[in-house]
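Structure first, commentary second.
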Amino acid sequence: MTRFLLRRAATALAVVAALSALCFALLDLAPGSPAFSILEARSGGRPPSPAAVKRLERDMGLHDPLPVRYGRWAADAVRGDFGDSYATGRGVTETLADTVPWTALLTAVAVLLSVAGAIAVGTAAALTRRAWLRRGIETALFALGGMPGFVAALLLLWVFAAWLRWFPSGGPLRPGEPVTLAGVAPHLVLPAVALAFGHHFGTYARLVETGVARLRTAPHVENARARGLRRRTVVVRHLLRPGLVPFTARLGVGVGGLIAGAYATEMIFSWPGVGRQAILAAREQDYPVLTAVVLVTGVIVVLANLLGDLAVAWLDPRVRLTTPRGGSA
Amino acid sequence: MQKPALALGALAAAATTLLAATGCGTGGSSGGRTGGTFTYALGDEPDTFNPALQDEHTDPVTELVFRGLTRHDAANRVVPGLASSWRVSKDEKEYTFTLRPGLTWHDGKPITSRDVRFTVEAMKGAGADAPLSRNFTAVSSVDTPDDTTVTLKLGKPFAPLLDVVSAGLLPEHLLKGKKITDAGFGQRPVGAGPFRLTGYKPGQYAELEPFDGYYEGRPKLPKIVVKYVPDDTARLIQLKNGEVDGAHVQPQQLAKVRGDGRLRVETYPTADYRALMFNFKKPVFADRRIRQAMNHAVDRDAFVKSVLLGQGTPATGPLDESPYKAPGAAPFTHDPAKVDELMKTAGYAKNAQNLWAKDGKTVRFELSTFAEDSSRVAILNVAATQLKAKGFDVVPNPRPRDWVRKHWGDLEAFVVGWGTPYDPDTSVYGPFHSSQALDKGGSNYGTYSNPDVDKALDRARDTSDPAERKAAYADFQKALAEDPPFVWISYLRTANAVPAALKGPARRTLGHHGYGFFWNAEKWSW
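Have a look at this one:
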């Protein structure tokens, strides 16, 4: 197990290094210039003169060759210094410290909602004998699956914030309020629900449904029933645990998609997280912030995949047994 | 069988997840509230609150926190700010300002003439970092004979000087030895304006409280919160819900806001105009009669009605909203007969496709703009349709912003935006003087060149005599009308919703992006 983790950690490190180099190269290939964006912002959106752009580019060291700039950045980055934002001059680390926790909170709650919802709805659809219920769930999932995440977000906004006025429509808190659970919770509801049910929820629920339905008449389930085990034991241990393997495997990969979804969700709900920061940074060509956000996102996705693998291994002993060179199982 | 029960149980669990999520909490307070904190939502959050890094526009927080030596009144005339008075030498090369007595910064430190010297030198020295620095290149030295007197000496007369020293004064004791782009100061600014910044959460909001030491007395609003809500729809919902008291609203949202009795809409004109710029390196634009004809071919009222939903006024020149607008300088009307006449005298005739042609060549050009800017794309489409209907072979083609940034010189025609409510020099010298051509590193992107325009612009810059400047700008506008560099389309209006009970907001012609709504917030109350 330790070896497995070590190997995965090494892979993760390589992925992050490759990601940073790729990110740097791609940003370099992108047209336009960060100096142009900075000066445009400092003159109310008016295009700056080409001479001014050249001067600032020189001051910013943007005229150095790409490997030199990457080397400079990497040397600082390994010491934990991601530089300063081009746009605001704030340290990138400081910006991340401000934004990452909000995105972590939002995505964590959304993942929980999504998982709980998918298991509940999927199991219900798999086990019910009422055609209307199954069809109802199917129709709902079909509609959800066909709806882009931001449409779901806007719908929620209109219904629950504008029309019913049950929830505030944006931001993590009322301005000036200290960060408390009671203060954040009502603000978290709409973005978390939008993120949880607007992104691949249909896929997840269907994976649970097929995973469970497939096993309903499997020999080991029949056997368990014949032995007179309690229904709950049969469902939880013999149906759900093996039935959730495809869903869990897909979930590990899906976290990446969820984070991408968080970008749009944060924009719509004025949620001060990494996603919103990334969109603003991309718009302003704020490369230090953008590179760091890409890296952080990359790390999270790698970690999520790892967690997904571990969860599958826990659910399905066969995965553990086929781990090369034995392992502990 | 227990199966249905289990299925129902699972469904109940699903429902509980949803309900647990939706059970608690309510929206903001709704309606009718007066007094207390005034919360205002807008979309754009500035990168910094440092006024030295904001040129031709000032975001609301920076405007509330800072004051300059001078400021502008409701008619955009220069009036005393931190300086109570000033004297200009006969040769117009020496400006002596007297500071109001007993001024302090928000942190309690006294404001002295040395802060003025520091500000001018810092802004001038910012160079590549700050577009604003161009306003101070004329200053050769700054003398501080005593704590409340400061003299700016110029190499040669520079008429807009009183205007440019309206830029926020910077505190020497906090910025000395630091770069002008210092993030600490940019996020926690200290100024001498009516409100001081008491809290700032990047990406969320800024909190401001009245400054006791403000020279006109403590402002009446107990607190202002500026909330950053980038999504237009979310901003409207927050306004309707009462989560915010006021907000910047888009033209298409006005109808929804107007029906709300709790709100009042403040609609102000701006000096921000949209026009079609031509690249004079392309021979197709050489004949000025073609450009005059196109200025008569567009129906500006239709633009205002369809594209801007009424939130604009027809534009016929760069100074329509300026005190320097010359009477009778707006010769361009929607006049199809005039188009025919001008094109025929230019030697053109309609071809089989009903397009103007001469020697088999039509007036063919690509009209472009930033593809990301939906309102400019709308202007582009309507302009292309109108011009095509009048016989001009326009090819509409919006292009990505990043592409445009690298290819200004290759564009044929482009939807641009310029204009300032303040001294005209800042927004006409750059785009129209031949010394500012693109190749020379300036912002005359179309490489427009007209000796009469150059002469008039130089004259207007080198004198501060109001009558003489007025005459110079009248000549400038006349020369532009005869040899139009642009097809002028429309000035934009900006709309803000505020609580019906809020007293004080006053109409003024605002600048780019409609910033400046808070220009007299020290007088607001509710």
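Heads up: the sequence lines are chains A and B, in that order.
According to full-length UniProt numbering, the first sequence is numbered sequentially starting from 1.
According to full-length UniProt numbering, the second sequence is numbered sequentially starting from 1.
All C-beta atoms, glycine included, are put in the ideal place defined by N, C-alpha and C.
* Helix or strand or just coil, what does DSSP make of residue 124 of chain B? -> The sequence position of residue 124 of chain B within the second sequence is 124, counting from 1. Reduced to three states, the DSSP call for residue 124 of chain B is helix.
* To do: Report the rounded CA-to-CA distance for residue 296 of chain A versus residue 181 of chain A, giving the unit in angstroms.
  => Against the first sequence, residue 296 of chain A aligns to sequence position 296. Against the first sequence, residue 181 of chain A aligns to sequence position 181. Their backbone Cα atoms lie some 25 Å apart in a straight line.
* Asked: Are residue 105 of chain B and residue 97 of chain B close, meaning C-beta to C-beta below 8 Å?
  -> Taking the first residue of the second sequence as position 1, residue 105 of chain B is located at position 105. Taking the first residue of the second sequence as position 1, residue 97 of chain B is located at position 97. For the pair residue 105 of chain B and residue 97 of chain B, the CB atoms are not nearer than the 8 Å cut-off.
* Hey, could you find the ends of the beta strand (DSSP E) residue 365 of chain B is sitting in? => Residue numbering aside, residue 365 of chain B sits at position 365 when the second sequence is read from its first letter. Annotation for residue 365 of chain B: the continuous beta strand (DSSP E) segment containing it runs 364 to 368.
* To do: With a threshold of 16 other CB atoms inside 10 Å of the CB of residue 350 of chain B, please say whether the residue is buried or exposed.
  => If you number the second sequence from 1, residue 350 of chain B lands on position 350. Residue environment: residue 350 of chain B is assigned as exposed (fewer than 16 neighbouring CB atoms within 10 Å of its CB, all protein chains considered).
* According to the Cβ coordinates, are residue 370 of chain B and residue 284 of chain B closer than 8 Å? -> In the second sequence, residue 370 of chain B corresponds to position 370, counting from 1. In the second sequence, residue 284 of chain B corresponds to position 284, counting from 1. With respect to residue 284 of chain B, residue 370 of chain B sits apart: the two C-beta atoms are not nearer than 8 Å.
* To do: Identify, in the order they occur along the chain, each residue of the same chain with its Cβ nearer than 8 Å to the Cβ of residue 261 of chain B, setting aside the five sequence neighbours on each side.
  => Here residue 261 of chain B refers to the residue found at position 261 of the second sequence. The beta carbon of residue 261 of chain B lies closer than 8 Å to those of 500 in the same chain, with the five residues before and after it left out.
* Asked: By Cβ distance below 7 Å, which residues in the same chain neighbour residue 35 of chain B in space, the five residues on each side in sequence not counted?
  -> The residue you call residue 35 of chain B lines up with position 35 of the second sequence. Within its own chain, the residues whose Cβ lies closer than 7 Å to the Cβ of residue 35 of chain B, once the five positions on either side in sequence are excluded, are 526, listed in chain order.
* **Continuous alpha helix (DSSP H) assignments of at least 4 residues falling wholly in the segment 91 to 122 of chain A** => Those alpha helix (DSSP H) runs which fall completely within the segment 91 to 122 of chain A and span 4+ residues do not exist here.
* Report the neighbours of residue 395 of chain A on chain B: residues whose CB is nearer than 7 Å to its CB, in chain order. => Chain A is shown from 1 up to 329; residue 395 of chain A falls before or after that span and cannot be answered.
* **Closer than 9 Å at the beta carbon, the chain B residues around residue 99 of chain A** => Counting from 1 along the first sequence, the entry for residue 99 of chain A is found at position 99. Correct list: 202, 203.
* **Given residue 114 of chain B as reference, the closest of B/100, B/286, B/243, B/150 once Cα atoms are compared** => Locating residue 114 of chain B in the second sequence gives position 114, counting from the first residue. Ranking the options by Cα distance to residue 114 of chain B, first place goes to B/150.
* CA-CA distance, residue 231 of chain A and residue 312 of chain A? -> As a first step, residue 231 of chain A must be located in the first sequence, where it is residue number 231. As a first step, residue 312 of chain A must be located in the first sequence, where it is residue number 312. Distance between the alpha carbons of residue 231 of chain A and residue 312 of chain A: 24 Å.
* To do: Taking only beta carbons into account, state which residues of the segment 165 to 176 of chain A come closer than 9 Å to chain B, listed in chain order.
  => Taking 9 Å as the Cβ-Cβ cut-off against chain B, the residues of the segment 165 to 176 of chain A that qualify are 165, 166, 167, 168, 169, 170, 171, 172, 173, 174, 175, 176.
* Own chain residues within Cβ distance below 7 Å of residue 117 of chain B, not counting five before or after -> As a working note, residue 117 of chain B is residue 117 in the second sequence. If we look at residue 117 of chain B and ignore the five residues flanking it on each side, its Cβ neighbours are 142, 144, 150.
* Inter-stretch contact (C-beta, 8 Å, three-pair minimum) for the segment 217 to 229 of chain A and the segment 278 to 291 of chain A -> Remark: fewer than three beta-carbon pairs, one from each stretch, lie closer than 8 Å, so the segment 217 to 229 of chain A and the segment 278 to 291 of chain A are not flagged as touching.
* At least one CB of chain D closer than 8 Å to the CB of residue 241 of chain B: is that the case? -> Included in the structure are the protein chains A and B, with no chain D among them.
* To do: Spell out the partners DSSP gives residue 24 of chain A in its beta bridges.
  => In the first sequence, the residue the question calls residue 24 of chain A occupies position 24. DSSP lists no bridge partner for residue 24 of chain A.
* **Secondary structure of residue 473 of chain B, DSSP reduced to three states** => Against the second sequence, residue 473 of chain B aligns to sequence position 473. If DSSP states are grouped into helix, strand and coil, residue 473 of chain B belongs with the helices.
* Taking contact to mean at least 3 C-beta pairs separated by less than 8 Å, is the segment 166 to 179 of chain A in contact with the segment 209 to 217 of chain A? -> Remark: fewer than three beta-carbon pairs, one from each stretch, lie closer than 8 Å, so the segment 166 to 179 of chain A and the segment 209 to 217 of chain A are not flagged as touching.
* Report the residues of the segment 134 to 159 of chain A with a CB closer than 7 Å to any CB of chain B, ordered along the chain. => Result list: 154, 157.
* Quick one: does residue 225 of chain B have its CB under 8 Å from some CB of chain A? -> Within the second sequence, residue 225 of chain B is the residue found at index 225, counting from 1. With 8 Å as the cut-off, residue 225 of chain B counts as an interface residue toward chain A.
* To do: Identify the contact partners of residue 39 of chain B in chain A, using a Cβ-Cβ distance below 7 Å as the criterion.
  => As a working note, residue 39 of chain B is residue 39 in the second sequence. 175, listed in chain order.
* On the three-state DSSP scale, how would you describe residue 111 of chain B? -> Your numbering for residue 111 of chain B matches position 111 in the second sequence. In the displayed model, residue 111 of chain B falls within coil according to three-state DSSP, outside both helix and strand.
* Residue burial classification, residue 31 of chain B (beta-carbon count within 10 angstroms, cutoff 16) -> On the second sequence, residue 31 of chain B is found 31 positions in, with the first residue counted as 1. With a pLDDT of only 47 at residue 31 of chain B, under 50, the local geometry of the prediction cannot be trusted, and the value read off the model is given with reservation. With fewer than 16 Cβ atoms within 10 Å of its Cβ, residue 31 of chain B is classed as exposed.
* **chain B contact residues for residue 55 of chain A, given Cβ-Cβ distances below 8 Å** => For this step, residue 55 of chain A is matched to residue 55 along the first sequence. Residues of chain B with a Cβ closer than 8 Å to the Cβ of residue 55 of chain A are, in chain order, 127, 128.
* Asked: Relative to chain A, which residues along the segment 432 to 463 of chain B have a C-beta separation below 8 Å, given in chain order?
  -> Taking 8 Å as the Cβ-Cβ cut-off against chain A, the residues of the segment 432 to 463 of chain B that qualify are 436, 438, 440, 441, 442, 443, 445.
* Throw me the rounded Cβ distance for the residue 289 of chain A and residue 92 of chain A pair, which I believe falls under 8 Å. => Residue 289 of chain A sits at position 289 when you count from the first residue of the first sequence. Residue 92 of chain A sits at position 92 when you count from the first residue of the first sequence. Indeed, because the Cβ distance is near 6 Å, the residues count as touching under 8 Å.
* **Proximity of residue 24 of chain A and residue 86 of chain A at Cβ, strictly below 8 Å** => For the purposes of this step, residue 24 of chain A is taken as residue 24 along the first sequence, with counting starting at 1. For the purposes of this step, residue 86 of chain A is taken as residue 86 along the first sequence, with counting starting at 1. For residue 24 of chain A and residue 86 of chain A, no; Cβs fall outside 8 Å.
* Enumerate in chain order the residues of its own chain whose CB-to-CB distance from residue 209 of chain B is below 7 Å, with the five nearest sequence positions on each side excluded. => Indexing the second sequence from 1 puts residue 209 of chain B at position 209. Closer than 7 Å at the Cβ level, and outside the excluded window around residue 209 of chain B, lie 195, 196, 198, 223.
* 4-residue-minimum alpha helix (DSSP H) runs that sit fully inside the segment 214 to 297 of chain A, ordered along the chain -> 219 to 226, 245 to 268, 274 to 284, all fully within the segment 214 to 297 of chain A.
* To do: Mind listing the chain A neighbours of residue 96 of chain B? Cutoff is C-beta to C-beta under 8 Å, in chain order.
  => On the second sequence, position 96 is the one that residue 96 of chain B refers to. Neighbours of residue 96 of chain B in chain A, taken as residues at a C-beta separation under 8 Å, are lacking, since the least C-beta distance is about 30 Å.
* To do: Give the interface partners of residue 88 of chain A over in chain B, defined as CB-CB distance under 8 Å, in chain order.
  => As a first step, residue 88 of chain A is located in the first sequence; it is residue number 88 there, counting from the start. Here the neighbours are 47, 48, 183, 186, 187, 202.
* **Helix, strand or coil at residue 86 of chain B according to DSSP, with G and I counted as helix** => Position 86 of the second sequence, counted from the start, is the residue given in the question as residue 86 of chain B. DSSP, read as helix, strand or coil, puts residue 86 of chain B in strand.
* Write down every uninterrupted run of the beta strand (DSSP E) in the segment 396 to 439 of chain B whose length is 3 residues or greater and which is fully enclosed by it, in chain order. => As far as the segment 396 to 439 of chain B is concerned, its whole beta strand (DSSP E) runs of at least 3 residues are 413 to 418.
* Determine, using beta carbons only, whether residue 140 of chain B and residue 127 of chain B come nearer to each other than 8 Å. => Indexing the second sequence from 1 puts residue 140 of chain B at position 140. Indexing the second sequence from 1 puts residue 127 of chain B at position 127. Going by C-beta atoms, residue 140 of chain B is not nearer than 8 Å to residue 127 of chain B.
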